[in-house]
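Visitor: Shown below is the structure under consideration.
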Amino acid sequence: MLATCKTSFDQPKGKKVRLSLHQYSWRRGYEAPGQQQANDPHQGDLLPDQKEATSWLPLHDVGPGKGPNIWPPDLADSEFRESVMKYFSHMKQVGLKVMEVLAVSLGYSPDVLDTPRRALPYKRQFGAGQHTDYGGLTILLLQPGKDGLEVWHAATHQWIELPALEDKFVINLGDLIQR
């Protein structure tokens, strides 16, 4: 999956911006660096996030506010799409199982959350401003040499740096669960 996503993100900028998710009401497609600002924009001269992302959803997700996935034309072959969708399907099952176990342990219904998955390549630079993840669950596959991820430890009010270990997932509970 990492190689598949790298192929997508290595496309020329001009090709990627033509796939902008901002032109579709269903918000699938490419999001260029500078399109989001994770930290409070009212705090002064803060830089916008420098991450880029591509958002895809399972093909069976249709209905109001939903539409087709926006694939890079050069990569729209079935092997690329199948690789992405197979990985996202597996990660969805992992996420749903973690959320189900967590929800039941807290006394809630097991069918808590089903949201889009995104692939984001973080370059060795400022990627996203300090923020906590607003959703319920984030699952990250880190890569050696791509350090920089920090998680907020509410009890000590400190950011804790996580080492990027090969072939290891980080499961982070977001604000939805924390509160």
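For the sequence shown, counting from 1, position 91 maps to 1092 in the working numbering; every step adds exactly one.
Think of the CB as a built atom: it goes at the ideal place given N, C-alpha and C, for glycine as much as any other residue.
These numbers were taken from a predicted model, which means no experiment stands behind them.
(1) Closest by CA to Tyr1025, which one among Leu1003, Ala1054 and Pro1069?
(2) How would you write the range of the alpha helix (DSSP H) that Ala1104 sits in, first residue to last?
(3) Where Ala1104 and Lys1093 are concerned, what is the direct C-alpha to C-alpha distance, given to the nearest angstrom?
(4) Relative to the C-alpha of Ile1172, which candidate in Leu1138, Val1018, Glu1151 and Asp1078 has its C-alpha closest?
(5) With three or more beta-carbon pairs closer than 8 Å as the criterion, would you say the stretch 1016 to 1032 touches the stretch 1078 to 1095?
(6) Inspect the beta-carbon positions of Lys1016 and Asp1078 and report whether they are closer than 9 Å.
(7) With H, G and I counted as helix, E and B as strand and the rest as coil, what does DSSP make of Asp1115?
(8) On the criterion of 16 or more Cβ atoms from any shown chain inside 10 Å, does Glu1032 qualify as buried, or is it exposed?
(9) Bridge partners for Tyr1031 per DSSP, in chain order?
(10) List the DSSP bridge partners of Trp1160.
(11) If I'm right that Gln1144 touches Leu1003 with Cβ under 8 Å, what's the distance once you round it to whole angstroms?
(12) In its own chain, which residues sit with a C-beta less than 7 Å from the C-beta of Pro1111, not counting the 5 before and 5 after it?
(13) In chain order, what residues of the same chain have a beta carbon less than 8 Å from the beta carbon of Gly1184, not counting five sequence neighbours either side?
(14) Per DSSP, Leu1141 forms a beta bridge with which residues?
(15) Consult DSSP for Gln1179 and reduce its assignment to one of helix, strand or coil.
(16) Report the option in Lys1067, Ile1161, Ala1054 and Tyr1109 whose CA atom is closest to the CA atom of Lys1014.
(17) What is the rounded straight-line gap between the Cα of Val1018 and the Cα of Gln1012?
(18) Sort Trp1057, Gln1038, Ala1155 and Leu1166 by Cα distance to Tyr1088 and report the nearest one.
Guide: With the given structure in hand:
(1) On the sequence shown, residue 1025 is found 24 positions in, with the first residue counted as 1. Nearest option by C-alpha distance: Pro1069.
(2) One-based indexing of the sequence shown puts residue 1104 at position 103. Unbroken alpha helix (DSSP H) run through Ala1104: Ser1079 to Ser1106.
(3) Position 103 of the sequence shown holds residue 1104. Position 92 of the sequence shown holds residue 1093. The straight-line gap from Cα to Cα measures roughly 16 Å.
(4) Position 171 of the sequence shown, counted from the start, is the residue given in the question as residue 1172. Comparing Cα positions, the closest option is Leu1138.
(5) no
(6) Here residue 1016 is taken as the residue at index 15 of the sequence shown, counted from 1. Here residue 1078 is taken as the residue at index 77 of the sequence shown, counted from 1. For Lys1016 and Asp1078, no; Cβs fall outside 9 Å.
(7) Reading the sequence shown from its first residue, position 114 is the one you call residue 1115. Below a pLDDT of 50, predicted positions are generally treated as unreliable, and Asp1115, at 49, falls in that range; the measurement from the model is reported next regardless. Looking at Asp1115 - three-state DSSP - the assignment turns out to be coil, as it is neither helix nor strand.
(8) Counting from one through the sequence shown, the residue named residue 1032 turns up at place 31. Burial call: buried.
(9) By one-based count along the sequence shown, residue 1031 stands at place 30. According to DSSP, which records beta bridges pairwise, Tyr1031 is partnered with Ser1021 and Thr1055.
(10) Reading the sequence shown from its first residue, position 159 is the one you call residue 1160. Per DSSP, Trp1153.
(11) In the sequence shown, the residue the question calls residue 1144 occupies position 143. In the sequence shown, the residue the question calls residue 1003 occupies position 2. Indeed they touch by this definition, with Cβ atoms about 7 Å apart.
(12) Taking the sequence shown and counting its residues from 1, the one referred to as residue 1111 is at position 110. Around Pro1111: Glu1101, Ala1104 and Val1105.
(13) Residue 1184 lies beyond the range of the chain shown here (1002 to 1180); nothing can be said about it.
(14) Position 140 of the sequence shown, counted from the first residue, corresponds to residue 1141. Answer is Val1171.
(15) As a position in the sequence shown, residue 1179 is number 178, starting the count at 1. If DSSP states are grouped into helix, strand and coil, Gln1179 belongs with the helices.
(16) Here the question's residue 1014 lines up with position 13 in the sequence shown. The option with the nearest alpha carbon to Lys1014 is Ala1054.
(17) Along the sequence shown, read from residue 1 onward, the residue named residue 1018 stands at position 17. Along the sequence shown, read from residue 1 onward, the residue named residue 1012 stands at position 11. Their backbone Cα atoms lie some 10 Å apart in a straight line.
(18) Walking along the sequence shown from the start, residue 1088 turns up at place 87. It is Trp1057.
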